[in-house]
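Asker: Mind having a look at this structure? Questions to follow.
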Amino acid sequence: MTLIGYLTRTQFADGAIDDALPEEASRLGKALALIDTEPAAAQTLARVADALPRVRLATCSVGGGAPLRGEVARVAAALQRAEASTIIAVGGAAAIGQARLVAEASVRRGAPCAVIAVPANLFDLGLGRQVRPRDGEPIPCPRPDRVIADPTALAQVPPRRLAAAGMEILVHAIEAYASPTYNPPADGLALEAVRLLARWLPVAVAAPGNAEARREALAGALTAGLAMEKGTGGVDALAHPLEDDLADAALPGELHAPVLAAFVAFNARAVGARYGALSDTMGQGRGAAGLEVQLAAFARVLGLPAALRETATDPARFAAVAERAADDPASLANPRLLTRGDCERILEAAW
């Protein structure tokens, strides 16, 4: 069992749900289990319940994709009905992000609740500084008090969903490193996350039974989450409204590769040699042009689109998406100032 104490307390190991969770929750008598629609969430929750036979678990469900500020009151009420002060969030960014939003609201009310995160897919594991709700601006939230990172939970994730989720967190690691914010420790973490995900995500997708690949891919997601203390960039500002337009026709993360490739060309002047370092870390190739090519090739290896034209995206919507993206706080984190016109040109380049 590996205990990682950076930013929060993370137990990382195969079997951590069975072995480490009982220790981390040893003082719990009651808790609210918050679950989302991730394919592996239900089975993971069953393992959580088996690991905590003495804990009275109430259950509350949320949708997938991203959390909602509008759901905070409902989940807080479920926590109160359970007579509990701890949320065990099981699933992906929706459940764990929702739990963090509830924790943020509970701090403001003067009655803080604890959060134990049990990831069932690849994402930042709740370690990013902010939560990005689908119905509002990003908001700084407390990180989970405990993270139980068990690579065996990924065994039930469908390969395409794992690929899309892994691509999104890879993009966040790349953006964290490219960010102009000065944070040398986060830079090192971001490059290591890129190395791990570039090496192991394709293996985990192609061979779901490969335990080493699952472990290293989850380690990459964890490392990227730690690097996101530095911040990310403008990709989410464009990719998320495109995904919203496509609804169920696109998995979260599917559109990140073509959008980031277009951003690389746009940001190259501001980012400079950092794209070269990222290109070297991803594999062969040099500089911004090399990284663009690598991203497209990497997406294709994962079975994901390398261009927006390969999806159901409607280019007639680019102007509306660009207008929304230019007003998104995520665009302010981009290394180069983004205007509405810039956003529209980036979408056209990604087409």
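With the working numbering applied, the sequence shown has no gaps in its numbers, which climb one by one up to 356 at the end.
Positions of the beta carbon are idealized from the N, C-alpha and C atoms, including for glycine.
Buried or exposed for Gln-85, please, with buried defined as at least 16 other CB atoms from any protein chain shown within 10 angstroms of its CB.
Answerer: Under this definition Gln-85 is an exposed residue.
Asker: What does a CB cutoff of less than 6 Å around Ala-275 pick up in its chain, not counting 5 residues either side in sequence?
Answerer: Pro-340, Arg-341
Asker: Gln-85 lies in the alpha helix (DSSP H); which residues open and close that run?
Answerer: 77-86
Asker: Could you please give the first and the last residue of the uninterrupted beta strand (DSSP E) stretch that includes Gln-16?
Answerer: 14-17
Asker: So the candidates are Gly-239, Leu-227, Ala-252, Cys-348; which of them puts its Cα closest to the Cα of Leu-8?
Answerer: Comparing Cα-Cα distances from Leu-8 to each of Gly-239, Leu-227, Ala-252, Cys-348, the minimum goes to Leu-227.
Asker: Is the region 307-319 close to the region 249-262, with three or more CB pairs under 8 Å?
Answerer: yes
Asker: Given a cut-off of 8 Å, decide if Gly-131 and Pro-145 are closer than it, judged by their beta-carbon atoms.
Answerer: no
Asker: Based on the DSSP output, what are the partners of Leu-8 in its beta bridges?
Answerer: Gln-16
Asker: What residue range does the beta strand (DSSP E) around Pro-124 cover?
Answerer: 119-124
Asker: Do you know whose CA, among Trp-356, Val-67, Arg-329, Gly-96, lies nearest Ala-83's CA?
Answerer: Among Trp-356, Val-67, Arg-329, Gly-96, the Cα nearest to that of Ala-83 is on Val-67.
Asker: Is the separation between the beta-carbon of Val-53 and that of Ile-22 shorter than 8 Å?
Answerer: yes
Asker: One question on the structure: do Thr-13 and Val-240 come within less than 8 Å of each other, judged by their Cβ atoms?
Answerer: no
Asker: Using alpha carbons as the reference points, say which of Glu-43, Val-208, Ala-183 lies closest to Leu-283.
Answerer: Ala-183
Asker: Entirely within the region 224-263 and at least 4 residues each: give me those alpha helix (DSSP H) ranges in chain order.
Answerer: As far as the region 224-263 is concerned, its whole alpha helix (DSSP H) runs of at least 4 residues are 240-251.
Asker: Rounded to whole angstroms, what is the Cα-Cα separation between Gly-290 and Gly-281?
Answerer: Confidence is the limiting factor: at Gly-290 the pLDDT is only 48, short of 50, which leaves the residue's position unreliable and the question unanswerable from this model.
Asker: What is the rounded straight-line gap between the Cα of Glu-180 and the Cα of Leu-202?
Answerer: Distance between the alpha carbons of Glu-180 and Leu-202: 14 Å.
Asker: Looking at the unbroken beta strand (DSSP E) that takes in Leu-352, where does it start and where does it end?
Answerer: First-last for Leu-352: 345-355, but that is the alpha helix (DSSP H), not the beta strand (DSSP E).
Asker: Look at Ala-25 and Met-6 and say whether their C-beta atoms are less than 8 Å apart.
Answerer: yes
Asker: Please state whether DSSP places Thr-286 in a helix, a strand or coil.
Answerer: helix
Asker: Between the alpha carbons of Thr-15 and Ile-121, how many angstroms are there, rounded?
Answerer: 10 Å
Asker: For the region 156-175 and the region 43-50, state whether three or more C-beta atom pairs, one from each stretch, are separated by less than 8 Å.
Answerer: yes
Asker: When you compare the region 326-338 with the region 302-312, are there three or more beta-carbon pairs, one atom per stretch, that lie closer than 8 Å?
Answerer: Segments in contact, no.
Asker: Would you give the residue range spanned by the beta strand (DSSP E) that Val-152 belongs to?
Answerer: 151-154
Asker: Quick one: measure Cβ to Cβ for Leu-256 and Ala-169, integer angstroms, because I've assumed they're closer than 8 Å.
Answerer: 4 Å
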